[in-house]
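Inspection log for the structure reproduced underneath, given as structure tokens.
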Amino acid sequence: MFENIFSTPDVSSIWSDRTRITNYLRFEGCLARVQGDLDIIPRDAAVEIDAFCADVDNIDFEELKRDTEKIGYPVLGLVRQIVRQVNIKHPGLGEWAHFGATTQDVTDTATVLQLASTLEIVDASLRDVIESLGALARRHATTRMAARSNLQQAVPMTLGFKLARLLATFQRHQRRLEQLEPRVLVLEFGGAAALAECLGLSVPEIAWHTERDSFAEVGGFFALLAGTCAKFATDVKLLMQTEVAELSEPFHDQRGSSSTMPQKRNPVSCAYIAAMAASVRSHCGAMYEAMVADHERSTGPWEIEWIALPEISKLTCATLKHTAELVAGLEVHRGAMERNLSLTRGGIVSEAVMMALANKMGRQVAHDLVYNLCRRSANEDVPLLELLCADDKVTSVGVGRDELQRLCEPGNYLGLSVEMVERVVTCDGEGDP
1 MFENIFSTPD
11 VSSIWSDRTR
21 ITNYLRFEGC
31 LARVQGDLDI
41 IPRDAAVEID
51 AFCADVDNID
61 FEELKRDTEK
71 IGYPVLGLVR
81 QIVRQVNIKH
91 PGLGEWAHFG
101 ATTQDVTDTA
111 TVLQLASTLE
121 IVDASLRDVI
131 ESLGALARRH
141 ATTRMAARSN
151 LQQAVPMTLG
161 FKLARLLATF
171 QRHQRRLEQL
181 EPRVLVLEFG
191 GAAALAECLG
201 LSVPEIAWHT
211 ERDSFAEVGG
221 FFALLAGTCA
231 KFATDVKLLM
241 QTEVAELSEP
251 FHDQRGSSST
261 MPQKRNPVSC
271 AYIAAMAASV
281 RSHCGAMYEA
291 MVADHERSTG
301 PWEIEWIALP
311 EISKLTCATL
321 KHTAELVAGL
331 EVHRGAMERN
341 LSLTRGGIVS
351 EAVMMALANK
361 MGRQVAHDLV
371 YNLCRRSANE
381 DVPLLELLCA
391 DDKVTSVGVG
401 RDELQRLCEP
411 GNYLGLSVEM
421 VERVVTCDGE
431 GDP
């Protein structure tokens, strides 16, 4: 029931047994082909091995499952099937399969191929999120709302500014993805340039059987990416609260409804995003544990990746999918934003007032004065403007009602919110406008 919530069909397919074995066969087929071309093994053997490996349906998965449970790894059982089946039709030629390779060469390279496919999905999802965020940030570049500090109203800003901050983060993630791919998409089979080319991978500088930093880097990147999605989801959850009501998840009939309280519209997508991101971070820690591998072949840490990496990949892709849908259909309630700006009866712009008065009476004096007036405004339910206009210390320094009214207008204290939105939205992807 949760398969397409905590994963997606395309990434689930990538990390399925069928795709894993398909990639094992790609390795074995390419290995035989290039070895035949280089006269390392007989060319007729290379042709037959490559032909067998071209179709995953040639593999008996039930037999392979039994062998894996008995041996501990699937590669040896797979190679035995290749050898046996090729030998049936062409006696002796199957013996040249897997020539000079090790179990880990096959396993790690297949994992790299799975990561290559996963990163394609991540890249496409990132582009979708960035495109939608850019359009939304530009549309709401001037939409006023309250910024929050420690869950309290801070100063006025724009929704576009809030979204542009998120957009800038995803743009950085896009650059991180571009930078890590060359380090990750590398063959595990030292010195085999022809094999790397056949598989569409890079040639390693040296064998990396127990140097697991590249896979750990992918895990760390996925944790960063999912964490950014969860930060956005957390903000949306809080802004969906009945008493705030500034944003809503995209509406779908019955989505987020309660079995008991019909009035509720729960932040379901946000909850899933937060839960999956937390799980990615947890699994990421395991990926770092897998780095602590002993000598030239490890006794245990390697297998951690078999557990953690598929889960991290599926959860991250699902997190991005939910985030893309959340951004694309985000409902913005401008009326509630304007209403909330006036909740503090002018207190939200007290910083602007304080800084203007600081030029006349000193910063600390101005701070204490405005602080006390804000307390009175809240306790007596009187607009801050009225208290400022009636205060002798304020009037004595020559600040009149017109100036105070200008200072108490939230729209006059947005700083460079609009300009910063435009800068991020028009960014060329390299960090420069």
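The sequence shown runs 1 to 433 under the UniProt record's numbering. The C-beta atom is built at its ideal place from N, Cα and C for all residues, glycine as well.
My assumption, with CB atoms under 8 angstroms, is that residue i sits in contact with residue j. Please give the rounded CB distance.
i	j	result
S16	K314	Not really, about 10 angstroms apart at Cβ, beyond 8 angstroms.
A366	A378	At roughly 19 angstroms, the Cβ-Cβ gap does not stay under 8 angstroms, so A366 and A378 are not in contact.
M157	E246	Between E246 and M157 the Cβ distance is about 12 angstroms, and since that is not below 8 angstroms, they are no contact.
V418	T143	That belief does not hold up - the Cβ atoms of V418 and T143 are roughly 10 angstroms apart, past 8 angstroms.
A324	D128	5 angstroms
L407	C389	Not a contact, Cβ separation roughly 11 angstroms.
E249	S269	5 angstroms
I59	Q35	With a Cβ gap of about 21 angstroms, I59 and Q35 do not count as contacting.
L201	L180	Contact flag wrong, Cβ pair sits at about 14 angstroms.
The beta strand (DSSP E) that contains residue i, what's its start and end?
i	result
A146	144 to 149
Would you list the one or two residues that DSSP bridges to residue i?
i	result
S248	E331
Q153	R148
V186	S202
T158	R144
Along the chain, where does the alpha helix (DSSP H) that runs through residue i open and close?
i	result
M276	268 to 289
A46	43 to 53
P74	74 to 89
P262	Note, P262: premise wrong, no alpha helix (DSSP H); not H, not E.
D105	103 to 139
N359	350 to 361
F27	17 to 37
C389	384 to 390
E67	The sequence shown places Asp at residue 67, not Glu. Looking at the DSSP string, the run of the alpha helix (DSSP H) that includes D67 is 61 to 71.
P410	That residue, P410, is in no alpha helix (DSSP H); it is neither H nor E in DSSP.
L239	213 to 239
D253	Here D253 belongs to no alpha helix (DSSP H), and DSSP marks it neither H nor E.
R423	417 to 425
V11	9 to 14
Under 8 angstroms between the Cβ atoms of residue i and residue j?
i	j	result
C317	S117	no
E305	A290	yes
G94	V83	yes
H173	T228	yes
E69	C53	no
I21	L78	yes
A308	A293	no
V349	Y413	yes
L330	L136	yes
R277	A328	The sequence shown places Ala at residue 277, not Arg. Not a contact, by the Cβ cut-off of 8 angstroms.
residue 441	A216	Residue 441 lies beyond the residue range present for the chain, which begins at 1 and ends at 433; the question has no answer from this structure.
P383	R345	yes
L167	V424	yes
V86	I41	no
Could you check the C-alpha separation between residue i and residue j for me, to the nearest Å?
i	j	result
G398	E409	19 angstroms
residue 486	L239	The question about residue 486 has no answer, for the chain in this structure spans 1 to 433.
F170	A233	14 angstroms
V203	H295	22 angstroms
F6	Y272	8 angstroms
S298	T210	7 angstroms
D57	L224	38 angstroms
A110	N23	5 angstroms
L341	C374	15 angstroms
E422	G190	48 angstroms
H105	K89	The residue you asked about is not His; residue 105 is Asp in the sequence shown. Between D105 and K89, the C-alpha separation is close to 27 angstroms.
D123	L163	20 angstroms
C427	M420	11 angstroms
R139	L416	16 angstroms
W96	L115	28 angstroms
G92	A46	12 angstroms
L195	L133	41 angstroms
G300	S214	18 angstroms
N266	F251	11 angstroms
R183	G72	29 angstroms
K65	T319	31 angstroms
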